[in-house]
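Engineer: Would you mind keeping the following structure in view while I ask a few things?
Protein chains: 2
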Amino acid sequence: MVKQLRAARTRQALVHAAAETFADDGYALSSLPAISRRAGVSAGALHFHFPSKDALAVEVEGAARRSIERMVAERRPSAASALHLLISVTGDLLAMATTDVVVRAGFKLSVDPSRKNGAGFACWWRTWVREQLLRAQHQGELAEGVSPDRVAAVVVAATVGFEVLCAADRDRISPQHAEHFWTLMLPQLTPHSDEFAGLALSES
Amino acid sequence: MVKQLRAARTRQALVHAAAETFADDGYALSSLPAISRRAGVSAGALHFHFPSKDALAVEVEGAARRSIERMVAERRPSAASALHLLISVTGDLLAMATTDVVVRAGFKLSVDPSRKNGAGFACWWRTWVREQLLRAQHQGELAEGVSPDRVAAVVVAATVGFEVLCAADRDRISPQHAEHFWTLMLPQLTPHSDEFAGLALSES
Chain D
535 MVKQLRAART RQALVHAAAE TFADDGYALS SLPAISRRAG VSAGALHFHF PSKDALAVEV
595 EGAARRSIER MVAERRPSAA SALHLLISVT GDLLAMATTD VVVRAGFKLS VDPSRKNGAG
655 FACWWRTWVR EQLLRAQHQG ELAEGVSPDR VAAVVVAATV GFEVLCAADR DRISPQHAEH
715 FWTLMLPQLT PHSDEFAGLA LSES
Chain X
535 MVKQLRAART RQALVHAAAE TFADDGYALS SLPAISRRAG VSAGALHFHF PSKDALAVEV
595 EGAARRSIER MVAERRPSAA SALHLLISVT GDLLAMATTD VVVRAGFKLS VDPSRKNGAG
655 FACWWRTWVR EQLLRAQHQG ELAEGVSPDR VAAVVVAATV GFEVLCAADR DRISPQHAEH
715 FWTLMLPQLT PHSDEFAGLA LSES
């Protein structure tokens with residue numbers, strides 16, 4: 535039991551160290567020795583858990599995705615609608631970008647040209663955003679003539695842009711940016727824009 | 535004279551090949567032999583023009599910037615105002631992202647963690663966008679209470695996001711996205727949003 539716990543902790547330390555290294559140096563320059571050193575574990579322990587750098591990157595991408603899915607699950611009960619959920623999740627996402635290196639690394643890896651055959655993290659995010667906008671349209675939340683596809687493209691570009699700029703320039707991107715983004719977008723998106731004021735500011 | 539012309543052509547071929555390689559593989563994995571092969575010139579010719587990979591990247595970043603500055607200079611005479619100029623330049627920028635690999639590489643390099651000490655291309659773009667919004671505010675184009683800084687952060691995130699996603703997923707990003715972005719943003723930004731309809735769609 536103690537052994538299992540220790541193994542789980544080592545694994546977690548490796549994923550965290552890998553995310554930091556991928557986000558700081560990019561996929562190509564990240565070396566397994568640098569990652570095991572950063573995690574404070576031996577090269578042997580790293581190889582026991584992850585046979586390759588690709589396996590580590592797949593795990594970081596998976597962990598980033600699970601982090602967002604967990605956050606969506608937490609927000610869902612209090613979200614009155616699909617649009618409400620989308621707004622609060624994007625707010626949380628930008629808040630996490632500054633504190634959660636795994637999520638930041640997931641976005642960075644998805645646009646890192648040296649990471650070939652990535653897990654398509656940005657693609658998964660686009661699909662999720664589009665689904666919420668289709669649900670919002672179905673629920674009658676979107677103003678007439680608003681295209682869920684077009685809005686999804688803008689939301690995904692802005693969130694990916696914030697995440698990768700945040701990585702490049704951490705001090706100048708703040709979670710408030712999600713709120714500013716929605717303040718500008720919402721009045722065109724929905725006839726009920728007043729109901730959504732402040733939702734993108736993280737409540738936690 | 536013929537010799538000078540040939541040298542200029544070689545240099546241009548090298549910059550283009552370097553931009554393609556940086557955009558496809560990232561800075562870290564781009565090798566000088568791969569770039570000279572792609573340009574169809576000898577390793578000696580490459581070294582004659584550029585002593586290092588860093589020198590090539592600096593040149594690509596400079597060429598991307600000059601490309602945008604040229605486009606701004608072309609748009610300026612027909613732009614009735616600062617906001618008009620900003621909208622048509624962002625439209626051109628997204629149109630160029632799919633066709634001009636040098637501009638795309640400039641944006642990619644600016645968020646590539648393996649490119650340390652880059653020329654800050656995204657930073658330069660942010661400064662330009664912010665200047666136009668400050669000019670727009672000064673000219674009375676912005677609605678009351680609209681903050682040029684906040685809008686600049688959103689515009690920069692969206693354009694950088696479109697550019698880097700475009701590189702990852704070229705088929706699914708189209709120049710129309712700039713138009714959709716402004717259609718959603720403008721009514722909050724300015725009391726005169728009707729005057730700007732269609733401006734982001736490239737006229738050339």
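Chains D and X, in that order, are what the protein sequence lines are. Start counting the first sequence at 535; every next residue gets the next number (our numbering). Start counting the second sequence at 535; every next residue gets the next number (our numbering). Cβ atoms here follow ideal geometry from the backbone N, Cα and C, with glycine treated the same way. These numbers were taken from a predicted model, which means no experiment stands behind them.
1. In angstroms with no decimal places, state the Cα-to-Cα distance between X/Q673 and X/V592.
2. Quick one: is D/D683 buried, meaning 16 or more other Cβ sit within 10 Å of its Cβ, or exposed?
3. Quick one: any contact between the stretch 583–597 of chain X and the stretch 659–675 of chain X, if contact means 3 or more CB pairs under 8 Å?
4. Could you tell me the boundaries of the alpha helix (DSSP H) in which X/P647 lies?
5. Can X/G560 and X/S622 be called in contact, C-beta distance under 7 Å?
6. Out of curiosity, what's the CA-to-CA distance linking D/S576 and D/H618?
7. Starting from the Cα of X/S601, find the closest Cα among X/W716, X/V637, X/G578 and X/A616 and give me that residue.
8. Can D/L720 and D/S727 be called in contact, C-beta distance under 7 Å?
9. Distance check for X/T544 and X/V536, CA to CA, integer angstroms please.
10. Please classify X/D626: does DSSP put it in a helix, a strand, or coil?
11. So which residues on chain D does X/G695 lean against when the C-beta distance must stay under 8 Å?
12. So X/F655 and X/R599 are in contact, right, with Cβ under 8 Å, and what is the actual spacing, rounded?
13. Within 10 Å of its beta-carbon, does D/T633 have 16 or more other beta-carbons around it, so buried, or fewer, so exposed?
14. Under 7 Å between the Cβ atoms of D/R572 and D/A551?
15. Do the CB positions of X/T799 and X/T717 come within less than 7 Å of each other?
16. Are the C-beta atoms of X/L563 and some chain D residue less than 7 Å apart?
17. Might you give, ordered along the chain, the residues of its own chain that have their beta carbon closer than 8 Å to the beta carbon of X/L627, omitting 5 neighbours on each side?
18. Within 10 angstroms of its Cβ, does D/S564 collect 16 or more other Cβ (buried), or is it exposed?
19. In the DSSP assignment, find the alpha helix (DSSP H) that holds X/A553 and state where it starts and stops.
20. So, helix, strand or coil for D/P721, using DSSP?
21. Strictly below 7 Å CB to CB, what residues from chain X border D/D559?
22. Which value, in whole angstroms, describes the spacing of the CA atoms of D/E737 and D/A731?
23. Apply the 10 Å Cβ neighbour rule to D/G578 and answer buried if 16 or more other Cβ atoms are within range, or exposed otherwise.
24. In this structure, does DSSP put X/Q673 in helix, strand or coil?
25. Which residue's Cα is closest to the Cα of D/T661: D/A677, D/A686, D/H583 and D/A562?
26. Run through DSSP, which three-state label would D/L733 get?
27. Thinking C-alpha only, which one of D/V663, D/T555, D/L580 and D/N651 is nearest D/A616?
28. Among the candidates X/M630, X/Q538 and X/A562, whose CA atom is the shortest distance from the CA of X/D646?
Structural biologist: In short:
1. C-alpha separation (whole angstroms): 35 Å.
2. Taking every protein chain shown into account, the CB of D/D683 has fewer than 16 other CB atoms within 10 angstroms, so this residue is exposed.
3. No, because fewer than three Cβ pairs between the stretch 583–597 of chain X and the stretch 659–675 of chain X fall closer than 8 Å, the two stretches do not touch.
4. No alpha helix (DSSP H) holds X/P647; DSSP gives it neither H nor E.
5. No, the pair does not count as a contact, with Cβ atoms beyond the cut-off.
6. D/H618 has its alpha-carbon roughly 46 Å from the corresponding atom of D/S576.
7. It is X/V637 whose Cα lies nearest to the Cα of X/S601.
8. Result yes, Cβ atoms of D/L720 and D/S727 sit closer than 7 Å.
9. In this structure, the straight-line span from the alpha carbon of X/V536 to that of X/T544 is close to 12 Å.
10. Note: X/D626 maps to helix in three-state DSSP.
11. Close partners of X/G695 in chain D (Cβ separation under 8 Å): V690, A691, A692, T693, V694, G695, F696 and V698.
12. Yes, X/F655 and X/R599 are in contact; Cβ-Cβ is about 6 Å, under 8 Å.
13. Around the beta carbon of D/T633, fewer than 16 other beta carbons lie within 10 angstroms, which makes this residue exposed.
14. Pairing D/R572 with D/A551 gives a Cβ-Cβ distance under 7 Å.
15. In the structure displayed, chain X extends from 535 to 738; residue 799 of chain X sits before or after that span and is not available.
16. When Cβ-Cβ separations below 7 Å define contact, X/L563 makes contact with chain D.
17. Taking X/L627 as the centre and dropping the five residues before and after it, the same chain places the C-beta of I602, M605, V637, T693, E697 and A712 closer than 8 Å to its C-beta, in chain order.
18. It counts as buried.
19. Run containing X/A553: V536 to L563, per the alpha helix (DSSP H) assignment.
20. In the structure shown, D/P721 sits in a helix (DSSP, three-state: H, G or I).
21. Within chain X, the residues near D/D559 are P647 and S648.
22. Because the pLDDT at D/E737 is just 49, under 50, the model does not fix this residue reliably, and the value given afterwards should be weighed accordingly. Their Cα atoms are separated by approximately 13 Å.
23. Exposed, since its Cβ has fewer than 16 Cβ neighbours within 10 Å.
24. DSSP places X/Q673 in coil when its eight states are reduced to three.
25. D/T661 has its Cα closest to that of D/A686, out of D/A677, D/A686, D/H583 and D/A562.
26. Taken through DSSP and simplified to helix, strand or coil, D/L733 comes out as coil.
27. Considering only D/V663, D/T555, D/L580 and D/N651, the residue with the shortest C-alpha distance to D/A616 is D/V663.
28. Ranking X/M630, X/Q538 and X/A562 by Cα distance to X/D646 puts X/A562 first.
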